[in-house]
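Residue numbers (our numbering): 57 to 211. Glycine included, every Cβ here is placed at the ideal spot set by N, Cα and C.
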């Protein structure tokens, strides 16, 4: 886990989101402070200013989508659906794949913004748990006697 994400236990933040009935400004700022790396490091850029304006006007779903876009650039919203009183949100790295091939991260909540942020926190927790090598991997060299051949019968 990176040092910036060690400040708060992400599973406890996820539980807090599930237990919260509606989004509040202090909760959103707490999520930004403890689960976001790029917002604090960018300072007062155009994107962070936009997020803060959305928080000021309590546009929670738009602020959550802007956070996902900024903090998880390789992830996209795959699905947002409302069913039986709950919002279901799925974030994916490969949105164009069929559902059965995709490994989307899903979350649900009665509040749309909290469903989006719950999925965001789940992605953060899963990405933080993945060990990364300190040295990038390199493809092994081919054997010197390696020679590709074709097995097709053209006759």
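Asked: For residue 61 and residue 140, what's the separation of their Cα atoms in angstroms?; Found: With a pLDDT of 44 at residue 61, under the threshold of 50, the modelled position of this residue cannot be trusted, and the question is left open.
Asked: On the DSSP letters alone, give me the boundaries of the alpha helix (DSSP H) that residue 111 sits inside.; Found: 102 to 112
Asked: For residue 168, which three-state DSSP category applies?; Found: helix
Asked: Applying the criterion that 16 or more other CB atoms from any shown protein chain within 10 Å of the CB defines a buried residue, is residue 59 buried or exposed?; Found: Because the pLDDT at residue 59 is just 46, under 50, the model does not fix this residue reliably, and the point stays unresolved.
Asked: Can you name, in chain order, every residue of its own chain whose Cβ lies under 7 Å from the Cβ of residue 66, other than the five neighbours on each side?; Found: 91, 177, 180, 181 and 184
Asked: What are the boundary residues of the beta strand (DSSP E) that includes residue 134?; Found: 132 to 139
Asked: Just the C-alpha distance for residue 75 and residue 117, rounded to the nearest angstrom, thanks.; Found: 18 Å
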